[in-house]
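Enquirer: Residues 2 to 253 (my numbering) make up the sequence shown, in order. Each residue gets a CB set at the ideal place from its N, CA and C atoms; glycine is no exception. Submitted below is the structure of interest, expressed as structure tokens.
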Amino acid sequence: MRGSGPAIVLLHGTSANHAVWEPVAEALAEHATVIALDQRGHGRSDKPAQGYTGRDFAGDVVTVLDALGIERAIVGGHSLGGRNAWTVGALHPGRVDAVVSVDYTPYVEASVLDDLAARVAGGHRAFPDVAAIEDYIRGRYPRILPGAVERRARWGYTQRADGQWWPLADPDAMQQLIEGFRTPWDAEFRAVSAPMTSIRGASSRIVSEAAWSAAIADRPQDRWILVNDADHYIPEEHPELVAAEFVRLLAS
């Protein structure tokens, strides 16, 4: 948590952690109180055996707001975090001033989720050192900025007693939450009454043009931003653009 003023909650994507938001949070700290979470199953948060539905993740956000004595917040998220952000907005409308969803919609195709499950499962393996982790991250996320590579390596892995480095994201949790994506939460998406902005990378492997168009048809009154020089990982490729959108919402 950093900054002061109106609250902004930032939610990362599948297998990531709070640190992916660091450049965005730094840019926003002069405007707001910024809270970036390790969501359940990820990073240094709890990893229960079950409980990885949109409702569970949304409840965690409210629990954090209650613990901090914060009544209302702008809630933004990337991928998994985007789905969770609009779910908070739908299920807890009295706690949400606005929603920002980055590169996720209710209409992501089943084949895309199949591919995502395979990629995430393949990432749960041992690495001999941090340099090997960074090489892997650069290959998996070729467009993210150099600092983002270092942050993912530093905050997303832990060294075990045998000297090997392993991801902190729990593999069972990852598979459960990806299966949870197959419940679209489209009714909740339509039900959000707060102002909502959606952002998509033109080269996204997650949100197809069809999934994007279907979401726009659901909420034509919203703000829709297409980022031409980006794929799925927009907060780590264009943090200044994402931060500017939050600043716009604060001003409005």
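Can the beta-carbon of isoleucine 9 be found closer than 9 Å to that of valine 97?
Expert: No, the pair does not count as a contact, with Cβ atoms beyond the cut-off.
Enquirer: In whole angstroms, what separates the C-alpha of leucine 169 from that of threonine 15?
Expert: Going by the C-alpha atoms only, they are around 12 Å apart.
Enquirer: Where does methionine 175 fall in DSSP's three states?
Expert: Looking at methionine 175 - three-state DSSP - the assignment turns out to be helix.
Enquirer: When you compare each of Gln160, Met175, Val35 and Leu250 to proline 129 by their alpha carbons, which one comes out closest?
Expert: The shortest Cα separation from proline 129 among Gln160, Met175, Val35 and Leu250 belongs to Gln160.
Enquirer: Compare the beta carbon distance of leucine 250 and alanine 99 with 9 Å and say whether it is the shorter of the two.
Expert: Yes. Within cutoff.
Enquirer: Which one or two residues does DSSP pair with valine 74 in a beta bridge?
Expert: What sits at residue 74 in the sequence shown is alanine, not valine. Answer by DSSP bridge pairing, in chain order: Ala8 and Val97.
Enquirer: I need the straight-line Cα distance from tyrosine 234 to arginine 126, nearest angstrom please.
Expert: Going from the Cα of tyrosine 234 to the Cα of arginine 126 covers about 22 Å.
Enquirer: Please classify proline 147 as buried or exposed, where buried requires at least 16 neighbouring CB atoms within 10 angstroms.
Expert: So proline 147 ends up on the exposed side.
Enquirer: Give the single residue among Val103, Ile71 and Asp115 whose Cα lies nearest to the Cα of glycine 95.
Expert: Nearest option by C-alpha distance: Ile71.
Enquirer: Below 9 Å between beta carbons: does that hold for alanine 215 and proline 107?
Expert: Yes.
Enquirer: Can you tell which of Tyr137, Asp104, Arg220 and Lys48 has the C-alpha that lies nearest to the C-alpha of arginine 120?
Expert: Measuring from the Cα of arginine 120, the nearest candidate turns out to be Tyr137.
Enquirer: From the DSSP output, read off the bridge partner residues of alanine 37.
Expert: Answer is Leu11.
Enquirer: Between serine 102 and arginine 73, is the Cβ-Cβ spacing less than 9 Å?
Expert: Contact: no.
Enquirer: Cα separation between glutamine 40 and arginine 153?
Expert: For glutamine 40 and arginine 153, the distance between alpha carbons rounds to 15 Å.
Enquirer: What is the rounded straight-line gap between the Cα of alanine 50 and the Cα of proline 172?
Expert: Rounded to whole angstroms, alanine 50 to proline 172 spans 11 Å at the Cα level.
Enquirer: Which runs of the beta strand (DSSP E) fall wholly inside the region 129-166 and span at least 3 residues, in chain order?
Expert: Whole beta strand (DSSP E) segments, 3+ residues: 158-160.
Enquirer: Between the alpha carbons of serine 199 and tryptophan 186, how many angstroms are there, rounded?
Expert: So the alpha carbons of these two residues sit roughly 15 Å apart.
Enquirer: Got a sec? Which residues, its chain only, sit under 8 Å from aspartate 61 by beta carbon, not counting five neighbours each side?
Expert: Answer for aspartate 61: Leu38, Gln40 and Arg41, listed in chain order.
Enquirer: Have a look at the DSSP bridge pairing and note the partners of isoleucine 217.
Expert: Its beta-bridge partners do not exist; DSSP assigns none.
Enquirer: Just how far apart, CA to CA, sit leucine 12 and valine 63?
Expert: Roughly 13 Å separates the two Cα atoms.
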